[in-house]
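Numbering (full-length UniProt numbering), first residue to last: 1 to 285. The C-beta atom is built at its ideal place from N, Cα and C for all residues, glycine as well. Small disclaimer: the values here were computed from a predicted structure and weren't measured.
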């Protein structure tokens with residue numbers, strides 16, 4: 001009898017507690033004038049959790065960005081990356097910037113986007129463009145960078161079709177050879193950059209070798225350059241836009257030798273970045 005009474009009390013208590021919770025939920029829904037479930041509310045685009053430090057970045061509204069880019073006009077596109085298009089824009093305060101409108105699948109969520117912005121805001125390097133601001137409205141994510149007036153290395157080396165490209169003076173060997181390296185850099189990536197600078201060939205696209213080099217098969221830049229260097233045909237792989245006047249062949253040979261070393265298949269065969277820096281300094285000495 002006593003155990004039955006205890007069960008009844010427990011059941012009644014549970015029912016009473018359930019009624020209180022149900023009443024609380026109903027009251028909350030009534031106060032939610034938008035008619036949306038409470039869990040669907042999200043922070044405003046510029047309302048960031050205290051765990052993120054984005055004090056150095058400026059939040060910019062989507063209406064201002066649409067006006068600055070003429071509603072993201074194709075005529076203002078200056079870049080096309082894997083994460084979205086880049087537009088040239090002039091903000092209301094008169095500053096010209098580069099606006100990268102990210103693709104919808106660039107980030108998993110707003111929190112990941114915030115973490116990425118915090119990381120980018122801390123980067124300070126002469127060869128990395130500075131992030132100035134951001135915009136997050138609904139599912140749209142936009143990053144705002146400083147505008148580089150003279151364009152990117154990719155444009156100088158590989159863009160040969162636009163009117164701006166035709167008006168540029170080709171980069172001399174001295175300019176290309178003045179590649180800056182740091183001891184903490186990635187050796188393989190740096191070797192790829194050296195080959196791209198010296199040949200003017202995009203490293204990520206395959207192209208056919210000449211018939212006397214391998215039956216016209218498709219290869220990538222590294223394989224092609226290594227074959228040429230092995231055949232002592234260093235000067236043949238230089239970008240045609242590089243002036244040969246006053247060009248010192250020994251410097252070219254050494255530059256390409258270093259590049260090939262950096263792109264060795266085995267990481268054990270690649271020199272440490274500190275050694276790469278020393279070798280390059282000897283060329284320019």
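- Secondary-structure assignment with DSSP links residue 79 through a beta bridge to 86.
- Boundaries of the alpha helix (DSSP H) around residue 188: 187-199.
- With contacts defined by Cβ atoms closer than 8 Å, residue 102 and residue 83 form a contacting pair.
- Membership of residue 220 in any alpha helix (DSSP H) is not indicated, and neither H nor E is assigned to it by DSSP.
- In this structure the segment 86-99 does not touch the segment 112-123; the number of beta carbon pairs closer than 8 Å is below three.
- For residue 59, the pairing in a beta bridge is given by DSSP as 134.
- Annotated three-state conformation of residue 248 is coil, per DSSP.
- Counting along the chain, the unbroken beta strand (DSSP E) around residue 142 starts and ends at 140-146.
- Beta-bridge analysis with DSSP links residue 98 to 88 and 145.
- When the beta-carbon positions are compared, residue 195 and residue 221 come within less than 8 Å of each other.
- Comparing alpha carbon positions, the residue from 147, 219, 251 and 59 closest to residue 198 is 251.
- Within the same chain, Cβ atoms closer than 7 Å to the Cβ of residue 147 are found at 88, 96, 97 and 98, the five residues on either side in sequence being excluded.
- With 16 or more neighbouring CB atoms inside 10 Å of its own CB, residue 263 falls in the buried class.
- Contact between residue 135 and residue 129 is ruled out by a C-beta separation of about 17 Å, above the 8 Å threshold.
- Assignment of residue 239 by DSSP, reduced to helix, strand and coil, places it in the coil class.
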